[in-house]
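Protein chains in written order, with the working numbering: chain A, 107 to 681; chain B, 207 to 383. Just so it is clear, CB atoms sit at the ideal spot from N, CA and C, and this is done for glycine as well. Report on the following structure.
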Amino acid sequence: MSGTLMNGAKIVLECLLREKVDCIFGYPGGVTLPLYDAMYDHSIRHILVRHEQNACFAAEGYARATGKVGVCCATSGPGATNLVTGLVDAMMDSIPVVAITGQVSTKLIGSDAFQEADTFGITRSCTKHNFLVKQLADLPQAIHEAFHIAATGRPGPVLVDIPKDVLQGQAHYQPVSAIHLPGYRVYTEGHAGQIRRAAQMIWDAKKPFVYAGGGILAAEASEELRAFVEAIDAPAVLTLMALGALPGSHPNFISMPGMHGSYAANLAMTECDLLIALGTRFDDRVTGRLSAFAPHAKVIHLDIDPAEISKNRNADLPIVGDAKRVLKKMIQALEETLEMRPKNAPARAAWRAQVAEWKREHPLEPEISADEIKPQHLVSEIDRLSGGEAIVASDVGQHQMWAAQLLRFNQPRLWINSGGLGSMGFGLPAAIGAQMARPDKLVFALVGDGGFQMSIPELATIANQGLPLKIVVMNNGHLGMVRQWQELFYNNRLSQVRLDSFPDVEKLAGAYGFTGRTVERPQELRAALEACVREPGPYLLNVRVSPFENVYPMVPAGAAINEMVLSAPQPVEVG
Amino acid sequence: MLQLISLLMENKPGALMRVTGLLSARGYNIESLTVARTLDPELSRMSIVVDIEPSQRGQLIKQMNKLINVLQASDLTESPAVRRELVLLRVRATMQNRQAILKEAEIFGARAVDSSVEGFALEATGDPEKLDEFIGVMSAYGEIEVTRGGLVAVSLEAKKLKLAPPIQKEEGVLHNG
Ligand SMILES: Cc1ncc(C[n+]2csc(CCOP(=O)(O)OP(=O)(O)O)c2C)c(N)n1
Ligand SMILES: [Mg+2]
Numbered sequence: 107m108s109g110t111l112m113n114g115a116k117i118v119l120e121c122l123l124r125e126k127v128d129c130i131f132g133y134p135g136g137v138t139l140p141l142y143d144a145m146y147d148h149s150i151r152h153i154l155v156r157h158e159q160n161a162c163f164a165a166e167g168y169a170r171a172t173g174k175v176g177v178c179c180a181t182s183g184p185g186a187t188n189l190v191t192g193l194v195d196a197m198m199d200s201i202p203v204v205a206i207t208g209q210v211s212t213k214l215i216g217s218d219a220f221q222e223a224d225t226f227g228i229t230r231s232c233t234k235h236n237f238l239v240k241q242l243a244d245l246p247q248a249i250h251e252a253f254h255i256a257a258t259g260r261p262g263p264v265l266v267d268i269p270k271d272v273l274q275g276q277a278h279y280q281p282v283s284a285i286h287l288p289g290y291r292v293y294t295e296g297h298a299g300q301i302r303r304a305a306q307m308i309w310d311a312k313k314p315f316v317y318a319g320g321g322i323l324a325a326e327a328s329e330e331l332r333a334f335v336e337a338i339d340a341p342a343v344l345t346l347m348a349l350g351a352l353p354g355s356h357p358n359f360i361s362m363p364g365m366h367g368s369y370a371a372n373l374a375m376t377e378c379d380l381l382i383a384l385g386t387r388f389d390d391r392v393t394g395r396l397s398a399f400a401p402h403a404k405v406i407h408l409d410i411d412p413a414e415i416s417k418n419r420n421a422d423l424p425i426v427g428d429a430k431r432v433l434k435k436m437i438q439a440l441e442e443t444l445e446m447r448p449k450n451a452p453a454r455a456a457w458r459a460q461v462a463e464w465k466r467e468h469p470l471e472p473e474i475s476a477d478e479i480k481p482q483h484l485v486s487e488i489d490r491l492s493g494g495e496a497i498v499a500s501d502v503g504q505h506q507m508w509a510a511q512l513l514r515f516n517q518p519r520l521w522i523n524s525g526g527l528g529s530m531g532f533g534l535p536a537a538i539g540a541q542m543a544r545p546d547k548l549v550f551a552l553v554g555d556g557g558f559q560m561s562i563p564e565l566a567t568i569a570n571q572g573l574p575l576k577i578v579v580m581n582n583g584h585l586g587m588v589r590q591w592q593e594l595f596y597n598n599r600l601s602q603v604r605l606d607s608f609p610d611v612e613k614l615a616g617a618y619g620f621t622g623r624t625v626e627r628p629q630e631l632r633a634a635l636e637a638c639v640r641e642p643g644p645y646l647l648n649v650r651v652s653p654f655e656n657v658y659p660m661v662p663a664g665a666a667i668n669e670m671v672l673s674a675p676q677p678v679e680v681g
Numbered sequence: 207m208l209q210l211i212s213l214l215m216e217n218k219p220g221a222l223m224r225v226t227g228l229l230s231a232r233g234y235n236i237e238s239l240t241v242a243r244t245l246d247p248e249l250s251r252m253s254i255v256v257d258i259e260p261s262q263r264g265q266l267i268k269q270m271n272k273l274i275n276v277l278q279a280s281d282l283t284e285s286p287a288v289r290r291e292l293v294l295l296r297v298r299a300t301m302q303n304r305q306a307i308l309k310e311a312e313i314f315g316a317r318a319v320d321s322s323v324e325g326f327a328l329e330a331t332g333d334p335e336k337l338d339e340f341i342g343v344m345s346a347y348g349e350i351e352v353t354r355g356g357l358v359a360v361s362l363e364a365k366k367l368k369l370a371p372p373i374q375k376e377e378g379v380l381h382n383g
């Protein structure tokens, strides 16, 4: 027999090395003992989190900050079930993650053994694909297939469940030379005829509009997006997932669209005659009432996932392909048809002027008060310090929406948030993953007082790893987003949304050995943030903001996106 | 409406669960489902009849094609295909109507596969509507018990099977296509 004799656990690590994995987020247990034994003297770095959910969130943060596959690891039973929220989160946002779970020994599977759970069954719907490896001979193949599936096409989470006896078994390890997934077809090139027709439609349009989503990041197509937007000189929105895909200061960029999108973004989306949707999925938070969404527009829809095309909104011109490759070809096709450009030039100039006018009418601007710190004020101060260069990992709620509205990102992969699933507790562990991936970067974890308390245990991980994270709690004393809905739609009957007994952050951070501080006065905010950033180590800054602020504009559930509530304390009649 | 889907898929543990999971996640009811190995023992052929809004048919096929274990999902609802179902039926017979039952069975192309003083076990194949009629007629003769096998179908159009080629693993990472 050729190949080196080693156990399954070692083989797992060898395969991870071949996939260029440099860091695993995980938590050990009974059936992963062989794996952790193999890690004892192995070069791959393991980050011990304090809860498996956070291992998956951290792996996501790592993946979102780099585009590389994030790796997490958990034991069988409770370890694996704790991963589930993270896996669904990665699934919803198309984030490449490989999860490795231990399973009870093959002969015990199905016997209700200690810490047995049907991980393969439970995670079937939370993953892009999953494996239960019952034979050691299949192990290397499964691991490499998992990485391939996670990272290619529309990315997503893949789980590999490995029974303890497979991890313990000995085999002659030989590196896999090829993998074969005959049913896994990825179409990257885009149909040449469709691309030509797209160019035609673009020049024919009087009010073209670009709506770009997370697919741009997944395809690393930001440069191409920018060149495309400039070639057609159309206004553009970026979804919550895609902020940074165009620089925040780009003249064609409006803002995020949708439920908390800007007036200009939502009006322009409603009025355009050509909607160019790029790597995006017409999420209900973007479209509002679908029947009233972009009613005058023809739709060009580019996506790598054929199932997204015409799922929610019919595409007049579908293109299945990789955003980077197809956008390059589109730019080429536009250049080849440049003689068509002057045709609608005056109409398009008027359209741009109209959108600029809407932007002026209702800009997204931070509110500032001398008496209390407005949440928007806090976000704008973070923005000032970041200068579009820092990584901001956000949690879920009002603070997330204000951040998405007001922060500017010069590059992609700086804005990290849970978009599709909206999982509270995401921000802090995701920031850990991002900081591990980008030790050179200033990383903020911008979290609500609710979500922060869901991931407090990770303060230990931060202290333990010495990560210089800047944890900023936007503390409004409430589950703010839920409070906002109760105020607006449930007669202000505030039910179970007050967050009393928030811990004293000086003591809390102090207990972990780093600095914590609370600020309440607007006059102190800037200096407090500067001190937080200056600190070489981690810092927990608790910012008391006005407790009853609402996020506007807001499109009420079921309304069309041009039926926005701009600032009224009561929702206007929609119809 | 009822949609007829034919799937060619890898014969692997969990593959069936992925398909039925897609359907149950969308709240679709499976009317019938048959699955068996193909000539190539590594593959299975599945025929599914599912109750679905007509507007969702295309989306469902795309979702099925996305499953890693599915090599091809085709919608046979409106395309040329042969559809057949097997029915096994036990009918209680009296000494008086035994002959009549066998005669009637013959009209439907059914065969007696077991006979006892209590009655017959009959086997019939055909398209589902024909079998509905057969079952209806038999129930007129006496108490019956029926097991239907579910629809199996074969497309009459040659559809090109597009498969992903193997991916070579070089020094470091895997390269896609
Ligand atoms: C795990 C989880 N549970 C519940 C929710 C529902 N939810 C959405 S926003 C929100 C309030 C978040 O409060 P906080 O973290 O203080 O942020 P704020 O909205 O006040 O900025 C809640 C409870 C959720 N998104 N995720
Ligand atoms: Mg709050």
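Short CB-CB distance (under 7 Å) between residue i and chain A
i	result
B:G332	no
B:L277	yes
B:Q262	no
B:L295	no
B:L252	With the sequence shown as reference, residue 252 of chain B is identified as Met, and Leu is not the correct amino acid for it. No, B:M252 does not count as interfacial toward chain A.
B:I236	no
B:Q209	no
B:H381	With a pLDDT of 41 at B:H381, under the threshold of 50, the modelled position of that residue is not reliable, and no figure is offered here.
B:L337	no
B:A231	yes
B:A221	no
B:I258	no
B:K218	no
B:P247	no
B:I373	yes
Best match in the options for proximity to residue i [C-alpha to C-alpha]
i	options	result
B:K272	B:V360, B:R224, B:G356	B:R224
A:A536	A:H402, A:S561, A:A180	A:S561
A:F620	A:P642, A:M112, A:L600, A:R627	A:P642
A:G531	A:I117, A:Y133, A:R156, A:N113	A:R156
B:S321	B:R296, B:S261, B:I313, B:V288	B:R296
A:R151	A:L123, A:A169, A:N113	A:L123
B:R263	A:C162, A:F558, A:K417, A:D195	A:K417
A:A499	A:T110, A:N581, A:V485, A:L520	A:L520
A:R632	A:G557, A:E487, A:A333	A:E487
Status (buried if at least 16 other CB within 10 Å, exposed otherwise) for residue i
i	result
A:P448	exposed
B:Q305	exposed
B:A391	Since the first and last residues shown for chain B are 207 and 383, residue 391 of chain B lies out of range.
B:L367	exposed
B:M154	For residue 154 of chain B there is no data in the structure shown, the boundaries of chain B being 207 and 383.
B:K309	exposed
A:R454	buried
A:L672	exposed
7 Å Cβ cutoff, residue i in contact with chain B
i	result
A:L287	yes
A:A256	no
A:P269	no
A:A305	no
A:K417	yes
A:H235	yes
A:Y293	no
A:V426	no
A:V461	no
A:P518	no
Beta bridge counterpart(s) of residue i as assigned by DSSP
i	result
B:M215	B:S250, B:V276
B:S361	B:A287
B:L210	B:V255
Any non-hydrogen atom of ligand 4 closer than 6 Å to residue i Cβ
i	result
B:N275	This structure lacks ligand 4; its bound ligands are ligand 1 and ligand 2.
Could you pull out every unbroken alpha helix (DSSP H) segment of at least 4 residues lying fully inside the segment 159-193 of chain A, listed in chain order? none
Inside the segment 517-591 of chain A only - beta strand (DSSP E) runs reaching at least 3 residues: Within the segment 517-591 of chain A, the complete beta strand (DSSP E) segments of 3 residues or longer fall at 549-554, 576-581, listed in chain order.
Mind listing, in chain order, the continuous beta strand (DSSP E) runs of no fewer than 3 residues lying wholly within the segment 403-440 of chain A? Taking 3 residues as the shortest admissible run, the segment 403-440 of chain A contains the following complete beta strand (DSSP E) segments, listed from N- to C-terminal end: 404-409, 423-426.
Segments of 4+ residues assigned as alpha helix (DSSP H) that fall wholly inside the segment 119-149 of chain A: Within the segment 119-149 of chain A, the complete alpha helix (DSSP H) runs of at least 4 residues are 139-145.
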